[in-house]
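Here the structure comes first, spelled out in structure tokens, and everything after it is commentary.
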Amino acid sequence: MDIMIKPIVTEKATSLSEKFNRYTFSVSPAANKVQIKNLVESLYGVKVVSVNTAKCAGKRKARYTKAGLIRGQKPSYKKAFVTVAEGDTIDFYSNI
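Numbering (this note's numbering), first residue to last: 760 to 855.
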């Protein structure tokens, strides 16, 4: 099972990382906090202090086309807020 999907790099997530040393990741809905902690520590080589998770419900979307109304739904996902130890940082842009 692939636990880590991708880091979330938005303006809000970046301000959290600068102020509180807290990084945001999109993870598998089946992943638990212990698995997320072990994965972040092994991938990025940092000491994880805490992990908070949030399940985000998918949103319903609709658009009008020539063929009429098309309805769909974005998938649900899970976010993990990982707080790392003081002095440790994660650089998402190092591989670019």
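Cβ coordinates follow ideal geometry from the N, Cα and C atoms, glycine included. This structure is a prediction, so every number in the text was calculated from the model and none was measured.
Exposed or buried, residue i, counting other C-beta atoms within 10 Å across all chains shown (16 or more means buried)?
i    : result
Y782 : buried
V786 : buried
S776 : buried
I829 : exposed
F779 : exposed
Am I right that residue i and residue j are in contact with their C-beta atoms under 8 Å? What's the rounded C-beta distance?
i    : j    : result
A772 : V805 : In fact, because the Cβ distance is near 16 Å, the residues do not count as touching under 8 Å.
V841 : V799 : 5 Å
Kindly indicate the opening and closing residues of the beta strand (DSSP E) around residue i.
i    : result
N809 : The sequence given here has Ser at residue 809, not Asn. Run containing S809: 807-815, per the beta strand (DSSP E) assignment.
A839 : 836-843
T824 : 819-824
Hey, could you find the ends of the alpha helix (DSSP H) residue i is sitting in?
i    : result
K796 : 792-803
S776 : 770-779
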